[in-house]
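Structure first, then comments.
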Amino acid sequence: MSTNLIILAAGKGTRMKSDMPKVLHAVAGAPLLVHAMKAGMALEPSKMIIVAGHGAEDVAAAAQDYQPAAEIVLQTEQNGTGHAVLCAKDALAQATGDTLVLYGDTPFISAETLENMQAARARYDVVVLGFEAADPARYGRLVMDGPRLQRIVEFKDASDEERTITFCNSGVILCSNKNMFELLSQVTNDNASGEYYLTDIIGLAHSAGLSATAVACAEAETMGVNSRADLAAAEAAFQARARAEALENGVTLTAPETVFFAHDTYIGADTIIEPNVVFGPDVTIENGAHIRAFSHIEGAHVSRGAVVGPYARLRPGAELSENVHVGNFVEIKNATLAEGAKANHLSYIGDATVGPETNIGAGTITCNYDGVFKHHTTIGARAFIGSNTMLVAPVTVGNEAMTATGAVVNKNVPDGAMAIARTPQENKPEVAYRLFDKLRAKKARQQDEGK
Numbered sequence: 040m041s042t043n044l045i046i047l048a049a050g051k052g053t054r055m056k057s058d059m060p061k062v063l064h065a066v067a068g069a070p071l072l073v074h075a076m077k078a079g080m081a082l083e084p085s086k087m088i089i090v091a092g093h094g095a096e097d098v099a100a101a102a103q104d105y106q107p108a109a110e111i112v113l114q115t116e117q118n119g120t121g122h123a124v125l126c127a128k129d130a131l132a133q134a135t136g137d138t139l140v141l142y143g144d145t146p147f148i149s150a151e152t153l154e155n156m157q158a159a160r161a162r163y164d165v166v167v168l169g170f171e172a173a174d175p176a177r178y179g180r181l182v183m184d185g186p187r188l189q190r191i192v193e194f195k196d197a198s199d200e201e202r203t204i205t206f207c208n209s210g211v212i213l214c215s216n217k218n219m220f221e222l223l224s225q226v227t228n229d230n231a232s233g234e235y236y237l238t239d240i241i242g243l244a245h246s247a248g249l250s251a252t253a254v255a256c257a258e259a260e261t262m263g264v265n266s267r268a269d270l271a272a273a274e275a276a277f278q279a280r281a282r283a284e285a286l287e288n289g290v291t292l293t294a295p296e297t298v299f300f301a302h303d304t305y306i307g308a309d310t311i312i313e314p315n316v317v318f319g320p321d322v323t324i325e326n327g328a329h330i331r332a333f334s335h336i337e338g339a340h341v342s343r344g345a346v347v348g349p350y351a352r353l354r355p356g357a358e359l360s361e362n363v364h365v366g367n368f369v370e371i372k373n374a375t376l377a378e379g380a381k382a383n384h385l386s387y388i389g390d391a392t393v394g395p396e397t398n399i400g401a402g403t404i405t406c407n408y409d410g411v412f413k414h415h416t417t418i419g420a421r422a423f424i425g426s427n428t429m430l431v432a433p434v435t436v437g438n439e440a441m442t443a444t445g446a447v448v449n450k451n452v453p454d455g456a457m458a459i460a461r462t463p464q465e466n467k468p469e470v471a472y473r474l475f476d477k478l479r480a481k482k483a484r485q486q487d488e489g490k
């Protein structure tokens, strides 16, 4: 059966104390909203509807950047979760199958949990996601009769007896698209908050003779983010899980608590990651690589056997082939280093192609930007780039060519040639003696005047 997805993302999140919509605050390098979308994508939804409100343009841009097919609907007034879902009614008017409601500020619901809800949906008309709360606090309570869910009671409206229940509501609901909107059309705002609760459809379903149940998940999956403290806790929870998964998958983390992953980081088995490494989005590290301490990597692909760092920076578009070495204080951006190439010290390689087994000397810079346009540098196979070479792009250095130390290269260098481009050295006899004498005398006068 097909599934449609509604993600509620209209709230401002006043407790965040931010001008930015709450769902756009990031965990592991991706907006909270994207985490929720990734969870829902596990069900291969037929349609994905994002209900936006505060900062709708920015929310829409983030959603469609991740999933261009996502449709955006507006909730102009915040009248509760039931009202928010109703905003998607027209967008799903012709939809068939089931509809799942998720929340843009709840990033950690797993694919396995949503699949469990789908399995329960084969036996029940409405399925709710619940969790056993260590501290039920102000969560809505799930009132069960065996496996059947009778109703959901919001904390504000619960009796003292109902408040003793620890099985709590996550807000996630799955039912047929038809039942979702037929039941919501009957919901009123006759409650302590004066809002239209999505949860009221459970009682209405029961009255209509429809069956309902609740599927349980770990409380950690239902973590919502409503404040900066919650955001920090969510980041910590993500990183703890990512580190545990990396270790389980055969990655060596010498100081796991100091390594930070992005939401989409992929690390192959037998890779070694030393302390204080940070991965930004869109990074793939193949098996058997070695990422040394204090390196920062984003938007990069590192092949097996490569060594990166310490203190290296790989920026978007960095492509390191097998057995490449990128050493301390080297920055690579939008550049490909072929197999066995080395840039071990203090260099910037940007907008470039470096051939196999080429050596980049310390202090080399590809001068790729003229203030308006970016230009490309091409270096062939088995070339030797002398220390402190400035490669003024666009320029090509041929196979097995060399550049002299300190060269400023702004013309192509043929295969096998050596480029020498520097001012001839001239030595002035005894000038250093005279200059030092003059400077020391000046210093002595200044010291006498200061007494």
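Heads up, the sequence shown is in the working numbering, so the first residue is 40 and it goes up one at a time.
Using N, Cα and C, we set each Cβ at its ideal position, and we do this for glycine too.
| Check | Outcome |
| --- | --- |
| Taking C-alpha atoms, which residue in V264, V411, A108 and D184 lies nearest to H245? | D184 |
| Locate the alpha helix (DSSP H) running through T417, then write down its first and last residues. | From DSSP, T417 is part of no alpha helix (DSSP H) but of the beta strand (DSSP E) over T416 to I418. |
| Can you tell which of G389, G348 and L131 has its C-alpha closest to the C-alpha of E313? | G348 |
| Given 8 Å as the limit, is there contact between the segment 134 to 154 and the segment 245 to 265, that is, 3 or more CB pairs closer than that? | yes |
| Within the segment 362 to 427, note down every full beta strand (DSSP E) run reaching 3 residues or more, in order along the chain. | 364 to 367, 370 to 376, 381 to 384, 387 to 393, 404 to 406 and 416 to 418 |
| Using a threshold of 7 Å, state whether the C-beta atoms of I111 and A75 are closer than that. | no |
| In three-state DSSP terms, what is A355? | At residue 355 the sequence reads Pro, which differs from the Ala that was named. Correct three-state label for P355: coil. |
| Would a check of beta-carbon distances place A81 closer than 7 Å to chain D? | No chain D is present in this structure, which holds just one protein chain. |
| Inspect the CB distances between the segment 286 to 293 and the segment 263 to 278 and report whether three or more fall short of 8 Å. | no |
| If you drop the 5 nearest sequence neighbours on each side, which residues of the same chain put their C-beta closer than 8 Å to that of R202? | P175, R180 and F194 |
| What is the DSSP secondary structure of L63, reduced to helix, strand or coil? | helix |
| Can you check the segment 69 to 143 for any beta strand (DSSP E) of at least 3 residues that lies completely inside it and give the ranges in chain order? | 86 to 91, 110 to 113 and 137 to 142 |
| Taking Cβ positions, are T252 and L188 nearer each other than 7 Å? | yes |
| Pick from N315, E284, A294 and T293: whose alpha carbon is nearest that of I306? | E284 |
| State the CB to CB distance for the pair N449 and V431, rounded to an integer number of angstroms; the pair is presumed to be in contact (CB under 8 Å). | 4 Å |
| Should N466 go down as buried or exposed, given a rule of 16 or more other Cβ atoms within 10 Å for buried? | exposed |
| Considering T252, what are the terminal residues of the beta strand (DSSP E) in which it resides? | A251 to A255 |
| When DSSP builds the beta bridges, which residues end up paired with L213? | L139 and V166 |
| Who are R187's beta bridge partners in DSSP? | D184 and T252 |
| Secondary structure at L237, three-state DSSP: helix, strand or coil? | coil |
| Considering only the beta carbon of each residue, do V90 and A134 sit closer than 7 Å? | no |
| For G92, which residues from the same chain have a beta carbon less than 6 Å from its beta carbon, with the 5 sequence-adjacent residues on both sides left out? | A49 and Q114 |
| Report the rounded CA-to-CA distance for D199 versus V192, giving the unit in angstroms. | 12 Å |
| Relative to the alpha-carbon of T323, which residue among T435, D487 and L359 has its alpha-carbon at the smallest distance? | L359 |
| Find the nearest neighbour of L249 within the set C214, R421, S232 and D229, judged by alpha-carbon distance. | C214 |
| If P320 and A69 are in contact, beta carbons under 8 Å, what's the gap, nearest whole angstrom? | 7 Å |
| Going by the DSSP bridge assignment, what does I324 pair with across the sheet? | I306 and V341 |
| Mind checking who H329 pairs with in its DSSP beta bridge? | I311 and V346 |
| Using the beta-carbon count (16 or more within 10 Å), is F318 buried or exposed? | buried |
| At what residues does the alpha helix (DSSP H) containing V470 begin and finish? | V470 to E488 |
| What are the boundary residues of the beta strand (DSSP E) that N43 is part of? | T42 to A48 |
| Tell me, please, which residues DSSP counts as bridged to V452. | V436 |
| Helix or strand or just coil, what does DSSP make of M262? | coil |
| CA-CA distance, F276 and N265? | The question names Phe, but residue 276 in the sequence shown is Ala. Cα-Cα distance, rounded: 15 Å. |
| Short of 6 Å in beta carbon distance, which residues of its chain neighbour I424, apart from the five on each side in sequence? Order them along the chain. | I399, G400, T403 and T442 |
| In the DSSP assignment, what are the bridge partners of T291? | I311 |
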